[in-house]
Amino acid sequence: EPYESWARFDRQSAEYKAAKEEAAEPLWRALEAVVPDIRERSDMVTIGTPLTHERYNRRHKGTYGPAGATREGDLAGFGNGATPVDGLWQVGDSMFPGIGLPAAAASGILVAN
Numbered sequence: 001e002p003y004e005s006w007a008r009f010d011r012q013s014a015e016y017k018a019a020k021e022e023a024a025e026p027l028w029r030a031l032e033a034v035v036p037d038i039r040e041r042s043d044m045v046t047i048g049t050p051l052t053h054e055r056y057n058r059r060h061k062g063t064y065g066p067a068g069a070t071r072e073g074d075l076a077g078f079g080n081g082a083t084p085v086d087g088l089w090q091v092g093d094s095m096f097p098g099i100g101l102p103a104a105a106a107s108g109i110l111v112a113n
């Protein structure tokens, strides 16, 4: 989601909480199509926004994956893992092959090999 649409909120405000609930509603409806009582079965619900990612994951404007790591010269926004420090490599969701646990783990395998 665009950071700008969330940046105006105070994370402690009722307005922010309402906006998060509204943003989550399509996901709830999709889940209810498969598990009709999913809301009642949920013991804990957390709704993340770009502000959440920015605060807890320390990601610039709440981004993750290659969209948040684009540098000039990177292939489609992905870094290749290289750093200016000899022998130091980066791995994770901002490197090829990208977002998600399997992809982030694969980036480590690719650098190691």
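Everything in the sequence shown is counted per the numbering used here, starting at 1 for the first residue and increasing by one.
Positions of the beta carbon are idealized from the N, C-alpha and C atoms, including for glycine.
| field | Limits of the unbroken alpha helix (DSSP H) element including residue 38 | value | It spans 38-41 - the alpha helix (DSSP H) in which residue 38 sits, taken as one unbroken run.
| task | Leaving out five residues on either side along the sequence, give the residues of the same chain with a beta carbon under 7 Å from the beta carbon of residue 19. | result | Residues of the same chain with a CB within less than 7 Å of the CB of residue 19, apart from the 5 flanking positions on each side, are 9 in chain order.
| task | Determine the burial state of residue 93: buried for a count of at least 16 other Cβ atoms within 10 Å of its Cβ, exposed for fewer. | result | Around the beta carbon of residue 93, a 10 Å sphere encloses 16 or more other beta carbons of the protein chains shown; the residue is thus reported as buried.
| field | Inter-residue Cα distance where the pair is residue 85 and residue 96 | value | Taking the straight line joining both Cα atoms gives about 19 Å.
| request: Enumerate in chain order the residues of its own chain whose CB-to-CB distance from residue 89 is below 7 Å, with the five nearest sequence positions on each side excluded. | output: Close CB contacts of residue 89 within its chain, under the 7 Å cut and outside five residues either way in sequence, are with 81, 82, 83, 111 (chain order).
| What's the call for residue 26, buried or exposed, on a 16-neighbour Cβ count within 10 Å? | So residue 26 ends up on the exposed side.
| task | State the CB to CB distance for the pair residue 64 and residue 99, rounded to an integer number of angstroms; the pair is presumed to be in contact (CB under 8 Å). | result | With 8 Å as the limit, residue 64 and residue 99 qualify as a contact, their Cβ atoms being about 6 Å apart.
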